[in-house]
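So for the sequence shown, our numbering puts the first residue at 2; every next one is plus one.
Glycine included, C-beta positions come from ideal geometry on N, C-alpha and C.
What follows is one structure encoded as structure tokens, with my remarks underneath.
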Amino acid sequence: MKISLPSGIILVMVLVTMIAGCGDQTNPVAQEQDYSNSQRGELRTTSSGVAVEVKGSFRGYNTAEKAEKSSQEEAGMTSLLSTLAATPGGPYLNFRFLVEIEGITQGSFSEAWLTETTVEVVEYREGNESNPASARKLPGRTTYGNLILKWGITTNTELYDWFRDVTEGDISRAGMSVILLDEEMVERVRWNFAEAWPVRYDAPEFVALGNDVAIETLEIAFEEMDLAY
Numbered sequence: 002m003k004i005s006l007p008s009g010i011i012l013v014m015v016l017v018t019m020i021a022g023c024g025d026q027t028n029p030v031a032q033e034q035d036y037s038n039s040q041r042g043e044l045r046t047t048s049s050g051v052a053v054e055v056k057g058s059f060r061g062y063n064t065a066e067k068a069e070k071s072s073q074e075e076a077g078m079t080s081l082l083s084t085l086a087a088t089p090g091g092p093y094l095n096f097r098f099l100v101e102i103e104g105i106t107q108g109s110f111s112e113a114w115l116t117e118t119t120v121e122v123v124e125y126r127e128g129n130e131s132n133p134a135s136a137r138k139l140p141g142r143t144t145y146g147n148l149i150l151k152w153g154i155t156t157n158t159e160l161y162d163w164f165r166d167v168t169e170g171d172i173s174r175a176g177m178s179v180i181l182l183d184e185e186m187v188e189r190v191r192w193n194f195a196e197a198w199p200v201r202y203d204a205p206e207f208v209a210l211g212n213d214v215a216i217e218t219l220e221i222a223f224e225e226m227d228l229a230y
């Protein structure tokens, strides 16, 4: 005997079957985020993508947790740099400094390059030495590179005037210092230069489509350098 059901009843039965089927399925995201087993530890994904074991249940890859971990690590690095900058003995950061030049009031610079100091090697050998292939190495002259200062151009012309005097034969030597400051703007390290005088001046470069500060550069020679704390 064939029984025909109204179309509305058939539709309701299909919906009930689909809902029942969905209820038996496990949410893969929830399972991925929180999956427990009988192990003693838990695996968590660090910001580098490596699973590490910690106490608790086993937990798989979690994007939100990874992002939070990465943010915490960045904050920790920033805090570490601040701590290092404020810690007596350093290390100190390189963007807080002053320049003092005897007889010149301008002291604000964007860059100060302290170039190399080298000691020349003098080789010496006597004819009666047993090893003919080697020579003694003795310290020779100490040579210094030039100090380079850069700053944004203003109406203050003291540094250029100093260089111009040299070009006119009036060499005015001066003592000067580059001073490293800590986070509290307290002096920590000082490089002192003796008998300094300018040997080169570079005017700013001008570009119509540029968007930079016009920079002057002065190169300074000196005869001695001393480091003081």
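{"Asked": "Give the single residue among 140, 217, 188 and 116 whose Cα lies nearest to the Cα of residue 107.", "Found": "217"}
{"Asked": "Does the segment 142–160 touch the segment 113–126, meaning 3 or more C-beta pairs lie closer than 8 Å?", "Found": "yes"}
{"Asked": "Do residue 224 and residue 204 count as a contact pair if the criterion is CB distance below 8 Å?", "Found": "no"}
{"Asked": "Cutting at 6 Å between CB atoms, please list the residues of its own chain near residue 197, excluding the five before and the five after it.", "Found": "175, 177, 221 and 223"}
{"Asked": "For a quick check, are the C-beta atoms of residue 215 and residue 154 less than 8 Å apart?", "Found": "yes"}
{"Asked": "Would you mind giving the Cβ-Cβ distance between residue 228 and residue 192, rounded to the nearest angstrom? I have them listed as a contact below 8 Å.", "Found": "6 Å"}
{"Asked": "Which two residues bound the contiguous alpha helix (DSSP H) that contains residue 110?", "Found": "Segment: none, residue 110 is in no alpha helix (DSSP H) and carries neither H nor E."}
{"Asked": "Please classify residue 187: is it buried, with 16 or more other beta-carbons within 10 angstroms of its beta-carbon, or exposed?", "Found": "exposed"}
{"Asked": "My output table needs one value for residue 132: the three-state DSSP class, helix, strand or coil.", "Found": "coil"}
{"Asked": "Should residue 179 be labelled buried (16 or more other beta-carbon atoms within 10 Å of its own) or exposed?", "Found": "buried"}
{"Asked": "Given a cut-off of 8 Å on the beta-carbon distance, is the pair residue 226 and residue 145 in contact?", "Found": "yes"}
{"Asked": "Let me make sure I understand the geometry here. Which of 131, 158 and 124 has the alpha-carbon closest to that of residue 139?", "Found": "124"}
{"Asked": "Tell me the DSSP secondary structure of residue 194 in three-state form.", "Found": "strand"}
{"Asked": "Spatial neighbours of residue 136 within its chain, please: C-beta separation below 7 Å, excluding the five flanking residues on both sides.", "Found": "124, 125 and 126"}
{"Asked": "State the start and end residues of the unbroken alpha helix (DSSP H) segment that holds residue 167.", "Found": "159–168"}
{"Asked": "Taking its Cβ as the centre, do 16 or more other Cβ atoms sit within 10 Å of residue 133, making it buried, or is it exposed?", "Found": "exposed"}
{"Asked": "Using a Cβ-Cβ cut-off of 8 Å, state whether residue 188 counts as contacting chain D.", "Found": "Chain labels in this structure do not include chain D; a single protein chain is all it has."}
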